[in-house]
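Here's the structure, in structure tokens; my notes come after.
In the numbering used here, the protein residues as written are 5 to 290.
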């Protein structure tokens, strides 16, 4: 053994190995699906059947591969549909949660501001109510003056439109005099003419005037009269009757009784009457 030479296998270097040695890649045979196999799969994929094909035939013909691919496609389709449903549901839930959280956050942020505005509006409303009461109290006298002027003008207009209204006034004054003696009643020239016309018609309403002497007076305005008798005088002029009416009003309103409202109203009334007279004179001149 010792005398014999040991045989050593030669070693191939890396450089030579890369030139000599190569990778082995077996030939691939692509799966070809025949037309009958496709028709078979299409026919039995959606229809239940008792026919069972042999596994060997199924593998060799490619039917098994088509079935696997069909199952994988259906599974993938169902998985995608399910995933889509889950995503849509998750999106809707997240949207709802986001809306609720957003509303709660917005309400919390603006709640204090809204409450402050509501309080300011409430204060403003109460102030308006107080101003209304103050305006009524401050302008109460002026309101009464306005009512007085309106009533006075209406009364004077009624007297002008109904000249016979002087007869009841004279009758009332005579009844208040309570005397059988002849009395003198001063009336305006316009009323005197009207009374004389009524007398000529022998109207029953003028029977009581037989024991009365009527005299015209420039101091008496139409619709009023002034009685003289042995017992005194009775002032039934329009001005005096309006003054009495005002006294009754001031008794009901004691807080304005001390104010010289009547004098102011009389001055305003005289000014308005003079203006009316001026207008009528100017119209007559035209």
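We put the beta carbon where it would ideally sit given N, CA and C, even for glycine.
Note to self: Can you look up residue 254 in the DSSP assignment and give me helix, strand or coil?
What the structure shows: helix
Margin query: Can you give me the C-alpha to C-alpha distance between residue 262 and residue 139, rounded to a whole angstrom?
Written below: Below a pLDDT of 50, predicted positions are generally treated as unreliable, and residue 262, at 44, falls in that range; the measurement from the model is reported next regardless. For residue 262 and residue 139, the distance between alpha carbons rounds to 20 Å.
Next item on the list: Would you tell me roughly how many angstroms separate the C-alpha atoms of residue 238 and residue 215, rounded to the nearest one?
Entry: 17 Å
Notebook entry, point to check: Is residue 127 buried or exposed, if buried means 16 or more other CB atoms sit within 10 Å of its CB?
Noted result: Classification for residue 127: exposed.
Note to self: Looking only at its chain, what residues have a beta carbon closer than 7 Å to the beta carbon of residue 188, apart from the 5 residues adjacent to it on each side?
What the structure shows: 217, 219, 232
Next item on the list: Compute the Euclidean distance between the alpha carbons of residue 153 and residue 251, then round it to the nearest angstrom.
Entry: 15 Å
Item checked: Exposed unless 16 or more other CB atoms sit within 10 angstroms - verdict on residue 20 -> Burial call: exposed.
Next item on the list: Out of 125, 120, 175, 121, state which residue places its alpha-carbon closest to the alpha-carbon of residue 199.
Entry: 175
Notebook entry, point to check: Would a C-beta distance cut-off of 8 Å place residue 242 and residue 225 closer than the cut-off?
Noted result: yes
Check: On the three-state DSSP scale, how would you describe residue 241?
Finding: Coil.
Next item on the list: Can you give me the start and stop residues for the beta strand (DSSP E) that residue 217 sits inside?
Entry: 216–220 is the span of the beta strand (DSSP E), which, as asked, contains residue 217.
Notebook entry, point to check: With distances taken between CB atoms, is the gap from residue 228 to residue 178 smaller than 8 Å?
Noted result: no
Next item on the list: Work out the CA separation of residue 246 and residue 283 for me, nearest whole Å.
Entry: Reliability fails at residue 283, whose pLDDT of 42 lies under 50, so the model's placement of it is uncertain and the value that follows must be treated cautiously. Each residue's alpha carbon lies about 25 Å from the other.
Item checked: Boundaries of the alpha helix (DSSP H) in which residue 193 is found, first to last residue -> 193–204
Check: Would you report the Cα separation of residue 133 and residue 108, rounded to the nearest angstrom?
Finding: 36 Å
Margin query: Using DSSP's beta-bridge definition, name the partner residues of residue 187.
Written below: 216
Next item on the list: Could you give the DSSP three-state label for residue 102: helix, strand or coil?
Entry: helix
Note to self: Excluding the 5 residues flanking residue 213 on each side, which residues of the same chain have their C-beta closer than 8 Å to its C-beta?
What the structure shows: If we look at residue 213 and ignore the five residues flanking it on each side, its Cβ neighbours are 174, 199, 203.
Notebook entry, point to check: If we count the other Cβ atoms within 10 Å of its Cβ and call it buried at 16 or more, is residue 99 buried or exposed?
Noted result: exposed
Check: Alpha carbon to alpha carbon, what distance is there between residue 157 and residue 260?
Finding: At residue 260, the pLDDT of 48 sits below 50, so the modelled position is not reliable; the number obtained from the coordinates is stated separately. Residue 260 and residue 157: Cα-Cα distance of roughly 22 Å.
Notebook entry, point to check: With which residues is residue 236 paired in a DSSP beta bridge?
Noted result: Looking at the DSSP output, residue 236 shares a beta bridge with 233.
Check: residue 253 and residue 147 look like a contact to me (Cβ under 8 Å); what is the Cβ gap, rounded to whole Å?
Finding: 12 Å between Cβ atoms; not a contact.
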